[in-house]
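K.L.:
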Amino acid sequence: MRRKLAAGNWKMNGTSADLAQIEAIAQAHTGALSEIVMAPPTTLLHRASEFTKTGPVTLGAQDCDKHENGAHTGDISAEMLIDAGASYVILGHSERRADHAEHDEDVSAKAQIALKAGMRVIICLGEELEEREAENTLDVIAGQLARSIPADISGDRLVIAYEPIWAIGTGKVPSIEQIAEVHDFIRARLEERFGSRIARSVRLLYGGSVKPNNAAAIFAVDNVDGALVGGASLIADDFSPIINALDAS
Ligand code: PEP
């Protein structure tokens, strides 16, 4: 049985004053059925860990370096993230791919290092609008899956987020049928590559403009095990109803 997962990606938003939002989520969802992961900026991880030592929230980071340690000025290793309180790391977000020229192979290398350090990884995949319009979505996803997911995985430490790039931060959301098609496809591909035991234990999140008013419909889709949420995770009053909808699904 896969435990549902609501993950909040704060991106480059948030300073000390915003820690109150994480505290509010932790307090409001003590009995949550779903797992809740908050991924604030790295600078807040250690202080946020005060609210996540017990209770429903675990912490995630938004990236890690592909090296274990060493001469990589400004970069952060998986071990450092664990030390700061994170147990998850988001990898291959489309903003990292676009802003830092990260390719699938980098994502795979980062996943390997994070998994080796003991973290759980949320690997992001998704097509551009032009690729969707050219009906290439499944080919794009197949390629990203093949190259971004390392060969040696344990299903319960891998989470995959399907995030159509054109839906991130835009208020546009694919149809329920489009979400279902991609999630079913990812599950089938995982099964072909890793066998059904591992494929069945990988959680598949949908991400892209999930809001309180569309969450329940998205969570009703087969093979959607939760959401990766950007904008609506910044404020507890917006994220809470999404978590409630997931609990109820
Ligand atoms: C994201 O950044 O992963 C995301 C899905 O953002 P938003 O929910 O704001 O579209």
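Here numbering that gives the first Met the number 0 is used: position 224 in the sequence shown is 223, and no number is missing along the way.
We put the CB at the ideal spot given by N, CA and C, even for glycine.
As the structure is a prediction and not an experimental result, all values here were calculated from the model.
Short check: CB of residue 50 to CB of residue 21, under 8 Å?
P.N.:
With contacts defined by Cβ atoms closer than 8 Å, residue 50 and residue 21 form a contacting pair.
K.L.:
Compute every distance between the C-beta of residue 231 and the non-hydrogen atoms of the ligand PEP, then say whether any falls below 7 Å.
P.N.:
yes
K.L.:
Any contact of the region 137 to 155 with the region 218 to 227, i.e. 3+ C-beta pairs under 8 Å?
P.N.:
no
K.L.:
Give the single residue among 88, 41 and 169 whose Cα lies nearest to the Cα of residue 230.
P.N.:
Closest in alpha carbon position to residue 230, among 88, 41 and 169, is 169.
K.L.:
I need the boundaries of the beta strand (DSSP E) containing residue 298, first residue and last residue.
P.N.:
Given a span of 0 to 248 for the chain in the structure shown, any question on residue 298 remains unanswerable.
K.L.:
Report the three-state DSSP secondary structure of residue 230 (helix, strand or coil).
P.N.:
Reduced to three states, the DSSP call for residue 230 is helix.
K.L.:
Determine the direct distance from the alpha carbon of residue 70 to that of residue 246, and round the result to whole angstroms.
P.N.:
Pairing residue 246 with residue 70, the inter-Cα distance amounts to about 44 Å.
K.L.:
What do you reckon, is the C-beta of residue 294 under 7 Å from a heavy atom of the ligand PEP?
P.N.:
Because the chain in this structure spans residues 0 to 248, residue 294 falls outside the shown range and cannot be described.
K.L.:
Are the region 204 to 223 and the region 167 to 187 in contact at 8 Å, needing three or more beta carbon pairs?
P.N.:
yes
K.L.:
Excluding the 5 residues preceding and the 5 following residue 219 in the sequence, name in chain order all residues of the same chain whose CB lies nearer than 7 Å to its CB.
P.N.:
248
K.L.:
Give every residue of the same chain whose Cβ lies closer than 8 Å to the Cβ of residue 66, excluding the five residues on either side of it in the sequence, and list them in chain order.
P.N.:
74, 76 and 112
K.L.:
Going by CA-CA distance only, name the one from 53, 42 and 187 that's closest to residue 15.
P.N.:
42
K.L.:
For residue 27, which residues of its own chain have a beta-carbon under 6 Å away from its beta-carbon, when the five flanking residues on both sides are left out?
P.N.:
239
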